[in-house]
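In terms of the numbering used here, the sequence shown is residues 8 to 451.
Working notes, beginning with the structure itself.
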Amino acid sequence: MTLHVRSNQPSLDNFWMPFTANRQFKAAPRLLSGAKGMYYTDIDGNSVLDGTSGLWCVNAGHGRAQIAEAVARQLGELDYAPTFQMGHPIVFAFAEKLAAMAPGGKEGGLDRVFFTGSGSESVDTALKIAIAYQRAIGQGTRTRIIGREKGYHGVGFGGISVGGLVNNRRVFPQIPADHMRHTLDIERNAFSKGLPAHGIELAEDLERLVALHGAETIAAVIVEPMAGSAGVVLPPKGYLERLRATADKYGILLIFDEVITGFGRLGTPFATDYFGVTPDIVTTAKGLTNGAIPMGAVFASRKVHDGLMTGPENQIELFHGYTYSGHPVACAAGLATLGIYAEEGLLTRGAALAEYWQEALHSLKDLPHVVDIRNLGLVGAIELRPRDGAPGARAYEIFVECFRKGLLIRVTGDIIALSPPLIVEKDQIDTIVSVIGDTLKSAA
Ligand code: PLP
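Given below as C-alpha cells:
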C-alpha cells in the first residue's frame, strides 16, 4: 500500500528513515515544511517551537539569510573542487578562522583542522588519526580505543565500537575497544543543578582498563565532555581533569567528542573552554555550519599533527579523506555561520541564559513521573519514571503530544532532552517549560 500524508504530497514508502520506527511513523507522520528563527512550520501551517535546535545543530536559529546568500554565492563561483593534492582558497580561509578560535585557546590550542562530512566521519577520522599518530611515534601496538558506556559517537564502525548504546552496537562487528562506566548516578545526584557533585572516582576506570589491557595497547580515550544523545549525562566535578591526568600518565591521547557541545552549547565556544581541560583531538560537526550544509571538522593539537608530518615530503602522511572534505559550499556556510555567531555573541549567549534556563527547568521537579532534571549551559534533560512493562512509551507519548501543542522536544528512552537554538528568548524558555509541564500533568 502506498502511504500518502495528503493527496498532493509524495508517497511515504520510498524514504527509509534513519533512527525511526518507519511503520509507526508512516501511519501517523509529522512533516515539517518550513523554518524561520525559533520556529518550524508543519505542512498544515502550524507553528512548532524548536526546543532541540533540529538535532542539536541549528545553533543560530533557522533560515539565516547570511548563510543562504553565502551558499548561493559559492555555488555560483566554485560549486565543487577536490581537496586531494589540490586546494581552493575558501577551505584554507575557513580552517584559518576555525584555528583562531580553536578549542584550548590561542596558545597551545588545537589549531590543525581536518574536514569531514558529518559527526560520524569526524569521530572515525579522530580515531584513525590517534592510531596513526601512535604508530608514527613508534607506538604501533597502541590500537585499542577506550570509550564509555552510554557514549554516542555516531554510527561508523569506529564510532559504534567506542560508543556505549547497546542498540547501536549489538548486531555489528567492532574494532578493538573497551569502555569505562558511564557517570549517570541518579541515586546520588538527582536534581543537581549544573555539574553533579558525586562520581569523580569513575574516572579511575581508565586506570583499571590500563591495568587490564596494558597501556601499550591503548591509543586513545574518547568521551563526550557532556553526553547528549544518551539523554544528557554530565561529567561529575573534577572527572574530566582526572581523565586528562591519567591519559597523560600513560601516553594515551584524549579525544573530546564535541559534535554537540561545540559552537556555544554550554555558553563557551567549546566544552574544552568550559571545563578548562584541553584534549589532544576534538571532533565537531552540527553547529559548525548551523546544520545548513553537512560538514564536520576535527581539531588536532600540533603535537598530534606534527607527529604525522614525518617521512619524505612527497609521501602522503595520512591515508584518509573524503570526497567532501572541505567542500567549498560547506565552507561558505561555515564561514557565514561563524560570522553570525560573532556578530550576535551566540557562542557565549548560553552563559547569560544558563541560570534562567536552569531555574525554569527545575520548576518541573515536583510534577508527575519526574525522577531527575539535569542541566548545563543551554542543555537540559527531564528523566521520567518508565511505565511498567513499557519503557520509553510515556516519553514518546509526551513527545507526540508536545508536537501537537506546537513544541518540538527530543526523547531518548524515558528522557526528554532539550537544546534550543542559542537565539532563544526568555519567553520562549517559559513556553517550552509550560508546554512540557502541562503535558506531564495529564500524562498517563
Ligand atoms: N558524536 C556525537 C557526540 C553526536 O552527538 C553525534 C550525533 O548526534 C555524532 C557524533 C554523529 O554525528 P552525525 O549524525 O553527524 O554523524
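Cβ coordinates follow ideal geometry from the N, Cα and C atoms, glycine included.
Here Leu345 is not near Thr59, since their CB atoms are 7 Å or more apart. Taken through DSSP and simplified to helix, strand or coil, Phe406 comes out as helix. Following the DSSP letters along the chain, one finds Tyr246 inside the alpha helix (DSSP H) bounded by residues 246 to 256. Within a 10 Å sphere around the beta-carbon of Tyr87 sit fewer than 16 other beta-carbons, which makes this residue exposed. Taking non-hydrogen atoms of the ligand PLP into account, the C-beta of Gly161 is found less than 6 Å away from one of them. Per DSSP, Ile423 is one residue of the beta strand (DSSP E) stretching across 422 to 425. The criterion of a C-beta distance shorter than 7 Å is not satisfied by Cys64 and Gly221. Annotated as proximal: Gly161 and Gly126, with beta-carbon spacing under 7 Å. Under the DSSP definition of a beta bridge, Thr419 partners with Ile422.
Here the stretch 328 to 335 makes no contact with the stretch 43 to 51; the two share fewer than three CB pairs at distances below 8 Å. Distances from the alpha-carbon of Leu354 to those of Pro276, Val418, Arg215, Asp373 put Pro276 closest. Here Lys433 has Leu360, Tyr363 as same chain residues with Cβ atoms under 8 Å from its own Cβ, once five neighbours each way along the sequence are excluded.
When DSSP reads this structure, Arg394 sits in a beta bridge with Ala397. For Leu38, the secondary structure class from DSSP, reduced to helix, strand or coil, is coil. In this structure, DSSP gives Arg309 a helical state, which the three-state scheme calls helix.
For Thr132, the enclosing alpha helix (DSSP H) starts and ends at 126 to 143. Cβ atoms of Pro180 and Gly206 stay farther apart than 8 Å, at about 32 Å. Not one heavy atom of the ligand PLP lies closer than 6 Å to the C-beta of Glu156. Residue Ala307 holds the alpha-carbon nearest to the alpha-carbon of Thr132 among Ala307, Thr446, Gly420. Only residues of its own chain outside the window of five on either side were considered, and among them Leu247, Glu248, Arg251 have a CB closer than 7 Å to the CB of Val284, listed in chain order. Distances from the CA of Cys338 to each of Val377, Ala210, Thr123 were compared; the closest alpha carbon is that of Thr123. The stretch 134 to 151 and the stretch 307 to 318 touch, with three or more beta-carbon pairs separated by less than 8 Å. Rounded to whole angstroms, Arg176 and Gly170 show a C-alpha spacing of 8 Å. When Pro398, His186, Ile423 are compared, the shortest CA-CA separation from Glu408 is found for Ile423. For Leu368 and Leu191, the gap between their C-alpha atoms comes out near 18 Å.
With a cutoff of 6 Å, Ser370 does not count as near the ligand PLP, since its C-beta is closer than that to no heavy atom of the ligand. Using a cutoff of 6 Å, the CB of Gly147 does not count as near the ligand PLP, since none of the ligand's heavy atoms is closer than that.
When C-alpha distances from Lys293 are compared across Gly413, Ala197, Ala340, the shortest belongs to Ala340.
Distances from the CB of Ile267 to the heavy atoms of the ligand PLP include at least one below 6 Å. Secondary structure note for His220: it is in no beta strand (DSSP E), and the uninterrupted alpha helix (DSSP H) holding it is 212 to 220. Of Ile193, Pro428, Thr446, Val55, the smallest CA-CA separation from Gly238 is found for Ile193.
Gly420 and Asp118 have their C-alpha atoms roughly 37 Å apart.
Within its own chain, the residues whose Cβ lies closer than 7 Å to the Cβ of Lys104, once the five positions on either side in sequence are excluded, are Leu342, Leu345, listed in chain order.
Where Gly352 is concerned, there is no enclosing alpha helix (DSSP H), because DSSP gives it neither an H nor an E.
Remark: the C-beta of Asp264 is in contact range of the ligand PLP, defined as less than 6 Å to any heavy atom. Relative to the ligand PLP, Ser127 has its C-beta within less than 6 Å of a heavy atom.
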